[in-house]
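One structure is given here, and the rest of the page talks about it.
In the working numbering, the protein residues as written are 8 to 87.
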């Protein structure tokens, strides 16, 4: 059985260096905790449902303002 984690990043023109990893979670159910922490730290909220889904990652759009900031959730395999 493959182990995996979810890497949570903020991306966009309004993000320092256009990409910033924020958290790693083991269960997608913890995404609400991540959203809460990002809102506390940066005052940004994102759509509840992803606007785009690709093979192993989801894109959530910023709903707080018009800055180019997206929340990216990427499923990544763990290698032991």
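Note that the Cβ used here is the ideal one computed from N, Cα and C, for glycine as well. Bear in mind the structure is a predicted one, so any value in this text is a computation, not a measurement.
Could you tell me which of 83, 82, 80 and 74 sits nearest to residue 23, measuring between CA atoms?
74
Apart from the five residues just before and just after residue 70, which ones in its own chain have a Cβ nearer than 8 Å to its Cβ?
52, 53 and 54
Limits of the unbroken beta strand (DSSP E) element including residue 82:
77-84
Have a look at 13, 61 and 56 and flag the residue whose alpha-carbon is nearest the alpha-carbon of residue 31.
13
Could you check the C-alpha separation between residue 28 and residue 44 for me, to the nearest Å?
13 Å
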